[in-house]
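Residue numbers (our numbering), protein chains in the order written: chain A, 1 to 291; chain B, 292 to 651. Here a beta-carbon is modelled for each residue, glycine too, at the ideal position from N, C-alpha and C. Below is one structure, written out as structure tokens; the observations come after it.
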């Protein structure tokens, strides 16, 4: 049981960061199909930073910087240039996948993975899983990100502005809120938050490998929608999806339910939620509209 | 009927891709220099390796074929105001259905029967996958962007389950080879194409492009579809059943993407293999975007992206082929960002000219 919970937590951390990023951007009215790309840029930045400095903290900074840069790219494309946000998101995912592949080749002459990089926690072979999980500061940050985000979104002036800009940008503008500026900040913040999910993956596995996020950004989007754009509910959705994944790993070989069907759970639940079959998910009113 | 001249439309359609091409060339130069190579030499190698010899050109033809299908699929959706991001799953479903049907014909069946049946199966499977988001949008208002993305994962998971547990060749992730049901490989007709995967599916792709053009611009249903895409509320007021049009558009879109599966399954490998559709769905979005959702543009854009992708292999000795992945992203981003900008610039330019001639 403890093993199950720990494993769930390990799997959930990247989802928690990425979903937090998704909530911030989408509450401000900007579609975040970019989460996958943000995470991947974070993972690559973390590997580069940690490899060249020898310190995982430099990796965290470099990874977050990567997410920040691509967050800005998405913001400039979709806010300044009013590009279609869905297309911009897809382009950024392809762009990051390409750039990380190119620079993986350039920096490490490999098309699959980086050399071993330092990470957090006691990586010694004898260390228990509990020790490995709880000595990793990114796990703690991942657990804190949802409560902090809930507080920011619902209890701070910035959060109020983000929600106003996402629901009714014209009204917000009339009241003196700088709509574009709030959106820039929200999308850049989204990049940083989601990239930390990738940072965690790279440092946990002690390397960057090609496409290592493997669709996790889309699971995070599923969690955002399933959580009806509320940070806490999105966080619970992340834990739920991670628990399903853990179950699938532990059931392997037991041949009870095919693993493919358990892997589908987040996607099926998202469609069910969007269709309103349980309770309707209603997105922020100005989501995707360049006003 | 419209006040916009043909010239204005052409300008608006051509400028963003040209801007994007320039930006991509610049970005490519930077990457090439970062790798310590000469840009001019790399670009020449890319052209020589694609349009410069029959094998390279054959590969471009082959890769363009799938992209024409997925590009048309996305375009048809865009014309109806819908974003079909599910082309990847629809393509895979179509490819699997084609292989599955072809496998179940007795060996004595004439090849043409098998080919036709496989094509119908591919289109039906893709259409069925497209129906789900269409119906969900029409009945529940579920946003098709999200449902098509999620369906990609679901469809690929289901196919993985079926292939792994039911119909794979031992120790592979592909089905057995289908008998006879091969579309003619161009290499069998013209020996210079030897080794390339180009096949008769390109002809079917071009016919599909013609059909989409006819459907969109020459039929009542296509008119309704475009009306819904431009202004759903007005179309509804004008008596068009918007939900029905949405569903129909996504079914046709899915069928087009599904039909693309024959290029790999009937034209190249003669079996369904897991992952054959990988990337072609997202690139279909790029093709539709650069081709401005017009069948002619889609065909041209498909050749452009196919050239890039095959060109990556040609330049790999000089610069990592991964550079092409970057350029694809740059092109999409640049087109997406410059479309609204170009439109505004052209409009304000015209307004200024109109104002000046009004003064005179």
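Cut-off 8 Å between Cβ atoms - residues of its own chain near residue i, not counting five sequence neighbours on either side
i: residue 61 of chain A; result: 49
i: residue 518 of chain B; result: 525, 526, 529, 531
i: residue 171 of chain A; result: 164
i: residue 296 of chain A; result: What is shown of chain A runs 1 to 291, which leaves residue 296 of chain A out entirely.
Distance CB(residue i)-CB(residue j) smaller than 8 Å
i: residue 146 of chain A; j: residue 162 of chain A; result: no
i: residue 377 of chain B; j: residue 264 of chain A; result: no
i: residue 120 of chain A; j: residue 56 of chain A; result: yes
i: residue 111 of chain A; j: residue 101 of chain A; result: yes
i: residue 359 of chain B; j: residue 218 of chain A; result: no
i: residue 45 of chain A; j: residue 195 of chain A; result: yes
i: residue 91 of chain A; j: residue 627 of chain B; result: yes
i: residue 417 of chain B; j: residue 550 of chain B; result: yes
i: residue 413 of chain B; j: residue 552 of chain B; result: yes
i: residue 381 of chain B; j: residue 545 of chain B; result: yes
i: residue 361 of chain B; j: residue 602 of chain B; result: no
i: residue 223 of chain A; j: residue 241 of chain A; result: yes
i: residue 541 of chain B; j: residue 425 of chain B; result: yes
i: residue 70 of chain A; j: residue 87 of chain A; result: no
i: residue 325 of chain B; j: residue 106 of chain A; result: yes
i: residue 319 of chain A; j: residue 220 of chain A; result: In the structure displayed, chain A extends from 1 to 291; residue 319 of chain A sits before or after that span and is not available.
Proximal chain A residues relative to residue i, where beta-carbon distance stays under 7 Å
i: residue 617 of chain B; result: 95, 98, 99, 102
i: residue 621 of chain B; result: 95
i: residue 322 of chain B; result: 102
Where residue i meets chain A, residues with beta-carbon distance less than 8 Å
i: residue 434 of chain B; result: 274, 283
i: residue 452 of chain B; result: 258, 260, 261
i: residue 325 of chain B; result: 106
i: residue 576 of chain B; result: 87, 90
i: residue 614 of chain B; result: 98, 102
i: residue 611 of chain B; result: 101, 102, 105, 106, 111
Chain-ordered neighbours of residue i on chain B, where CB pairs are closer than 8 Å
i: residue 88 of chain A; result: 624, 627, 628
i: residue 225 of chain A; result: 437
i: residue 159 of chain A; result: Correct list: empty, because the minimum Cβ distance to chain B is about 24 Å.
For residue i, three-class secondary structure by DSSP
i: residue 476 of chain B; result: strand
i: residue 462 of chain B; result: coil
i: residue 564 of chain B; result: strand
i: residue 490 of chain B; result: strand
i: residue 607 of chain B; result: coil
i: residue 113 of chain A; result: strand
i: residue 6 of chain A; result: helix
i: residue 105 of chain A; result: helix
i: residue 631 of chain B; result: helix
i: residue 1 of chain A; result: coil
i: residue 228 of chain A; result: coil
i: residue 338 of chain B; result: helix
i: residue 270 of chain A; result: helix
i: residue 252 of chain A; result: coil
Residues that residue i contacts on chain B, provided the C-beta gap is smaller than 7 Å
i: residue 82 of chain A; result: 631
i: residue 91 of chain A; result: 620, 623, 624, 627
i: residue 77 of chain A; result: 624, 627, 628
i: residue 222 of chain A; result: 441
Same chain only: Cβ atoms within 7 Å of residue i, ignoring 5 sequence neighbours per side
i: residue 298 of chain B; result: none
i: residue 352 of chain B; result: 489, 493
i: residue 152 of chain A; result: 158, 159
i: residue 25 of chain A; result: 32, 186, 187, 190
i: residue 644 of chain B; result: none
i: residue 10 of chain A; result: 133
i: residue 509 of chain B; result: none
i: residue 589 of chain B; result: 359, 362, 363, 366, 500, 578, 579, 582
Residues that residue i contacts on chain B, provided the C-beta gap is smaller than 9 Å
i: residue 271 of chain A; result: 423, 424, 427, 433, 437, 438, 441, 442, 445
i: residue 215 of chain A; result: 444
i: residue 188 of chain A; result: Correct list: empty, because the minimum Cβ distance to chain B is about 17 Å.
Per-residue contacts from residue i into chain A (C-beta, under 9 Å)
i: residue 606 of chain B; result: Within 9 Å Cβ-Cβ: nothing; residue 606 of chain B doesn't reach chain A, min ~12 Å.
Cutoff 6 Å; reference residue i; Cβ partners in own chain excluding five residues on either side
i: residue 330 of chain B; result: 320, 323
i: residue 484 of chain B; result: 345, 349, 477, 478
i: residue 288 of chain A; result: 31, 85
i: residue 466 of chain B; result: 390, 458, 562, 563
i: residue 13 of chain A; result: 139, 142, 200
Residue i: CB within 7 Å of a non-hydrogen atom of the ligand FAD
i: residue 82 of chain A; result: Summarising the ligand content, the structure contains no ligands, and the ligand FAD is consequently not present.
Q: Run through the region 176-221 of chain A for me and flag every whole alpha helix (DSSP H) of 4 or more residues, listed as ranges in chain order.
A: Segments of the alpha helix (DSSP H) lying fully in the region 176-221 of chain A: 179-205.
Q: Starting from the N-terminal side, write out each stretch of the alpha helix (DSSP H) that is 4 residues or longer and does not extend beyond the region 567-594 of chain B.
A: For the region 567-594 of chain B, whole alpha helix (DSSP H) runs of length 4 or above, ordered along the chain, are 571-581.
Q: For the region 476-560 of chain B, list the alpha helix (DSSP H) runs that are entirely contained and at least 4 residues long, ordered along the chain.
A: Counting only runs of 4 or more residues that sit fully inside the region 476-560 of chain B, the alpha helix (DSSP H) segments are 477-480, 492-509, 511-521, 523-528, 533-550, 552-556, in chain order.
Q: Run through the region 402-450 of chain B for me and flag every whole alpha helix (DSSP H) of 4 or more residues, listed as ranges in chain order.
A: Whole alpha helix (DSSP H) segments, 4+ residues: 402-431.
Q. In chain order, which alpha helix (DSSP H) runs of at least 4 residues are fully inside the region 21-103 of chain A?
A. Taking only runs of at least 4 residues, the alpha helix (DSSP H) segments lying wholly in the region 21-103 of chain A are 35-53, 56-75.
**Q.** Ranges of the alpha helix (DSSP H) found wholly within the region 295-329 of chain B, counting only runs of at least 4
**A.** Listed in chain order, the complete alpha helix (DSSP H) runs (minimum 4 residues) inside the region 295-329 of chain B are 297-325.
Q. What residues from the region 353-382 of chain B come within 8 Å of chain C, judged by C-beta to C-beta, listed N to C?
A. The displayed structure is made up of protein chains A and B, and chain C is not among them.
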